[in-house]
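Have a look at the structure below before the remarks.
Given below as structure tokens:
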């Protein structure tokens with residue numbers, strides 16, 4: 059059982075996962091890949107903390123950050139919809 063399931067592992071999804079795990083929640087991140095659209099970007103010149111970095115390199119840094127916090131991650135998994143038996147999401 060998880061406290062939080064984060065769908066997507068782009069910059070926003072990774073940030074949500076890290077903040078939740080730092081608050082003591084059990085987190086599962088689900089995404090087709092780490093980095094989201096960032097992983098497919100060429101050169102990135104406007105990401106805070108980096109004067110220049112490629113999309114694949116930044117995605118790799120995202121993955122390292124997730125591993126540092128021990129975030130459970132199911133990659134290669136897409137989400138097509140949500141269904142709740144209890145009525146809560």
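In the working numbering, the protein residues as written are 59 to 147. All C-beta atoms, glycine included, are put in the ideal place defined by N, C-alpha and C.
Straight-line Cα distance separating residue j from residue i
i, j, result
"residue 106", "residue 69", "12 Å"
"residue 101", "residue 62", "32 Å"
"residue 78", "residue 65", "13 Å"
"residue 146", "residue 81", "21 Å"
"residue 67", "residue 144", "26 Å"
Contacting residues, own chain, Cβ-Cβ under 6 Å from residue i (five flanking each side not counted)
i, result
"residue 76", "127"
"residue 110", "103"
Cβ shell of residue i (< 8 Å), same chain only, five flanking positions each side left out
i, result
"residue 112", "99, 100, 101 and 102"
"residue 108", "102 and 116"
Own chain residues within Cβ distance below 7 Å of residue i, not counting five before or after
i, result
"residue 72", "120, 123 and 124"
"residue 137", "65 and 88"
TODO: Spell out a yes or no on whether the region 69-87 and the region 127-141 are touching, meaning 3 or more CB-CB pairs, one atom from each, closer than 8 Å.
DONE: At 8 Å Cβ cutoff, the stretches touch.
TODO: Answer yes if the region 113-120 comes into contact with the region 90-103, meaning at least three C-beta pairs across the two stretches below 8 Å, and no otherwise.
DONE: Verdict: yes, contact present.
Open item on the list: To test your reading of the DSSP string, which unbroken beta strand (DSSP E) runs of 3 or more residues are found completely within the region 117-142?
Closed with: 130-133
- [ ] Please specify which runs of the beta strand (DSSP E), each continuous and at least 3 residues long, are wholly inside the region 74-109, giving them in chain order.
- [x] Those beta strand (DSSP E) runs which fall completely within the region 74-109 and span 3+ residues are 85-89.
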